[in-house]
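With the working numbering applied, the sequence shown covers 424 to 802. See below for the structure under consideration.
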Amino acid sequence: MEHARIVAVAWGILEGTRPRAAGCNARLGRHGTRISVPILQIVTEEGIAGFGWCRTTPEQAVSLLGMRFDALFDPTRGVVSGWRAFDFPLWDLAGKQQGRPVYALAADMCGTTTTLPFSAPCYDTSLYFDDLHLADDGAAGELMASEARAGFAQGHRAFKLKVGRGARHMPVEAGTRRDIAIVQAVRAAVGADVQLMLDANNGYTLNLAKHVLEATADCGIFWLEEAFHEDDELYRDLRAWLTARELPILIADGEGQADPRLLDWARAGLVAVVQYDIFSHGFTNWLTLGRQLDGWNVRSAPHHYGGHYGNYAAGHLAGAIRGLSFVEWDDASVPGLDTSRYQVVAGRVVIPELPGFGIELDTELFQHAVARTGFARTL
Ligand SMILES: [Mg+2]
Numbered sequence: 424m425e426h427a428r429i430v431a432v433a434w435g436i437l438e439g440t441r442p443r444a445a446g447c448n449a450r451l452g453r454h455g456t457r458i459s460v461p462i463l464q465i466v467t468e469e470g471i472a473g474f475g476w477c478r479t480t481p482e483q484a485v486s487l488l489g490m491r492f493d494a495l496f497d498p499t500r501g502v503v504s505g506w507r508a509f510d511f512p513l514w515d516l517a518g519k520q521q522g523r524p525v526y527a528l529a530a531d532m533c534g535t536t537t538t539l540p541f542s543a544p545c546y547d548t549s550l551y552f553d554d555l556h557l558a559d560d561g562a563a564g565e566l567m568a569s570e571a572r573a574g575f576a577q578g579h580r581a582f583k584l585k586v587g588r589g590a591r592h593m594p595v596e597a598g599t600r601r602d603i604a605i606v607q608a609v610r611a612a613v614g615a616d617v618q619l620m621l622d623a624n625n626g627y628t629l630n631l632a633k634h635v636l637e638a639t640a641d642c643g644i645f646w647l648e649e650a651f652h653e654d655d656e657l658y659r660d661l662r663a664w665l666t667a668r669e670l671p672i673l674i675a676d677g678e679g680q681a682d683p684r685l686l687d688w689a690r691a692g693l694v695a696v697v698q699y700d701i702f703s704h705g706f707t708n709w710l711t712l713g714r715q716l717d718g719w720n721v722r723s724a725p726h727h728y729g730g731h732y733g734n735y736a737a738g739h740l741a742g743a744i745r746g747l748s749f750v751e752w753d754d755a756s757v758p759g760l761d762t763s764r765y766q767v768v769a770g771r772v773v774i775p776e777l778p779g780f781g782i783e784l785d786t787e788l789f790q791h792a793v794a795r796t797g798f799a800r801t802l
């Protein structure tokens, strides 16, 4: 079956909805409720279909037609270099061909073992600046605490709070004061046994970061993400300051346009959590990177906000990457993608023991999306 040729490709965009609109972050405006998930389906001559997140064009996708699967996917290394634009559908197809979950293939590839039920830690990433319409910091804290309580009720035990309100959307002092009030309110609402992370989307300066971390020193912050645009001089200062204050807070960075020296800084101990995007870096490359980070005792936490599909795909790395700290969870429902076999339970995403990524594609809804937004080609 590894010799089977690719005979059809179809691509389209599925649209979905978040249960609650996401507000601004330190640099962007409202994120809202709508999400879109570009899906490529790849079919072999045996009639086996794999699908997954993919941005592509008809010109690129037709290059798959007529290719033998074993020229695209190597069981010892993953998707072959040159074909990684189709990473997620090809991993799904590999799993479907073998009747095994992607996490098991990835673990085999890396010589690790997995236990069932397979799961990975996750965090609720939905706590944006949803309070900007409120004049009072107390009311803002209560609103954000209610969002954290809702996530807790859905099974989450870790939360990431967007901070940096004073970078753009509020005056510096008022916004910083509010960040602090919200961190304290959320911590009080969820109790001590929950992990809290902060993400400033590069909206702090070094001194603002220290000010907020000092004021929330008793809140047990797990990591500070994108405090400011990564800079080894400033991170060295922050790292030394955290050590002197005996604050065990990790520095996390790497999504978006990451500095090319980021991995050097991770290896040197300045950046403790690497967050390259699961889509732009890709699943195969993340497998290699995560193993490298494991060797340096650096944590892995792939970013994927806005792409939805990463909720499900990222956790499949957990069997192979020891330091996979968290799957980012951006709750939404997407008609056409049946993800109901995935569950968030006690702070972990439980991944189904199903072939490929364990998601069902509704044929009719996908064909509709292909007709409306995409393309289909056959050999
Ligand atoms: Mg971020």
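Ideal Cβ positions, reconstructed from N, Cα and C, are used throughout, including at glycine.
Residue 739: CB within 8 Å of a non-hydrogen atom of ligand 1: Taking non-hydrogen atoms of ligand 1 into account, the C-beta of residue 739 is found less than 8 Å away from none of them.
Going straight from the alpha carbon of residue 580 to that of residue 671, what length do you get? The alpha-carbon atoms of residue 580 and residue 671 are separated by roughly 19 Å.
I need the boundaries of the beta strand (DSSP E) containing residue 509, first residue and last residue. Note, residue 509: premise wrong, no beta strand (DSSP E); not H, not E.
Short check: CB of residue 676 to CB of residue 648, under 9 Å? Going by C-beta atoms, residue 676 is nearer than 9 Å to residue 648.
Quick one: is the Cβ of residue 734 within less than 8 Å of any heavy atom of ligand 1? No, the Cβ of residue 734 stays beyond 8 Å of every heavy atom of ligand 1.
Residue 556 burial status per 10 Å Cβ neighbour count (16 or more: buried): Burial call: exposed.
Neighbourhood of residue 695 by C-beta, 8 Å cutoff - its chain only, sequence neighbours within 5 removed: Closer than 8 Å at Cβ, skipping near neighbours: 646, 673, 674, 675, 689, 721, 722.
According to DSSP, residue 622 sits in a beta bridge with which residue or residues? Bridge partners of residue 622: 585, 648.
With hydrogens ignored, establish whether the beta-carbon of residue 624 is closer than 8 Å to any heavy atom of ligand 1. Distances between the C-beta of residue 624 and the heavy atoms of ligand 1 include at least one below 8 Å.
Whole alpha helix (DSSP H) runs in the stretch 666 to 744 with 4 or more residues, listed along the chain? Runs of the alpha helix (DSSP H) inside the stretch 666 to 744: 685 to 690, 701 to 704, 706 to 718, 733 to 736.
Along the chain, where does the alpha helix (DSSP H) that runs through residue 598 open and close? According to the DSSP assignment, residue 598 belongs to the alpha helix (DSSP H) that extends over 595 to 613.
Which whole runs of the beta strand (DSSP E) in the stretch 536 to 591 are 3 residues long or more, in chain order? DSSP runs (the beta strand (DSSP E)) wholly in the stretch 536 to 591: 542 to 550, 581 to 585.
Between the stretch 473 to 493 and the stretch 575 to 593, are three or more C-beta pairs nearer than 8 Å? Counting C-beta pairs with one atom in each stretch, the stretch 473 to 493 and the stretch 575 to 593 have fewer than three that are closer than 8 Å, which means they do not touch.
Could you tell me the boundaries of the alpha helix (DSSP H) in which residue 445 lies? Segment 429 to 445 is the beta strand (DSSP E) holding residue 445; no alpha helix (DSSP H) there.
Rounding to the nearest angstrom, what Cα-Cα distance links residue 655 and residue 523 in this structure? Cα to Cα, residue 655 sits roughly 42 Å from residue 523.
CB contact flag (residue 473, residue 518, <9 Å): Taking 9 Å as the Cβ cut-off, residue 473 and residue 518 qualify as a contacting pair.
At least three beta-carbon pairs within less than 8 Å, the stretch 767 to 776 to the stretch 443 to 455: Because the criterion of three Cβ pairs below 8 Å is not met, the stretch 767 to 776 and the stretch 443 to 455 do not touch.
For residue 637, I'd like the list of residues in its chain whose CB is within less than 8 Å of its CB, leaving aside the five on either flank, ordered along the chain. So the qualifying residues of the chain are 668.
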